[in-house]
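Under my numbering, think of the first position of the sequence shown as 148, with each following residue one higher.
Glycine is no exception: its CB is placed at the ideal position from the N, C-alpha and C atoms.
On a predicted model such as this, the values are computed, not experimentally measured, just so you know.
Here is the structure we will look at.
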Amino acid sequence: YKKLLDDLVSSAVGELIGDLKDVITYQSFSNAGYNPDTRRNETVFVDFPEVDASCYKFRADEKDTTVNVVTDERCLLPSKHIPGVTPKETDRIVKVDGSVWEVFRVRGVPGQSLWILFIRKIKA
Numbered sequence: 148y149k150k151l152l153d154d155l156v157s158s159a160v161g162e163l164i165g166d167l168k169d170v171i172t173y174q175s176f177s178n179a180g181y182n183p184d185t186r187r188n189e190t191v192f193v194d195f196p197e198v199d200a201s202c203y204k205f206r207a208d209e210k211d212t213t214v215n216v217v218t219d220e221r222c223l224l225p226s227k228h229i230p231g232v233t234p235k236e237t238d239r240i241v242k243v244d245g246s247v248w249e250v251f252r253v254r255g256v257p258g259q260s261l262w263i264l265f266i267r268k269i270k271a
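Here it is, written out as structure tokens:
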């Protein structure tokens, strides 16, 4: 039933967002540490390119202690598009324009067929 639910959610989100669809690269944080070869601290991400999602601004009435409605966005991401990944606060989204956004809150729906990510731009 999970596969059927994932397929239905993915299809419904695709139909609902239509022209509002963003094609992103989802970067799942994998590892961080010191690389003795380069003598640098490095962060490693696993990329999921060409992921369909929908990113949009918050409404003014959705403001809370961590959300800045002027700069932050919310991103709807069907779990089918990032198989086997549970989003976390250290993950990133790279939009088509090259801007990089960091996930700062993760919400899921029952059955985890859809992830609701709160994102903040860290690089233009």
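How big is the Cα-Cα spacing for residue i and residue j?
i, j, result
"K204", "L224", "15 Å"
"I269", "W248", "5 Å"
"T237", "G180", "14 Å"
"D219", "W262", "16 Å"
"R252", "P234", "9 Å"
"L264", "V214", "12 Å"
"F176", "G231", "13 Å"
Can you tell me which of the three DSSP states residue i falls into?
i, result
"A271", "coil"
"K242", "coil"
"D208", "helix"
"D154", "helix"
"S177", "strand"
Out of the options, point me to the one whose CA is closest to residue i's CA.
i, options, result
"P196", "L264, R239 and S260", "R239"
"V243", "T172, D154 and P234", "T172"
"A271", "L264, K227 and G245", "G245"
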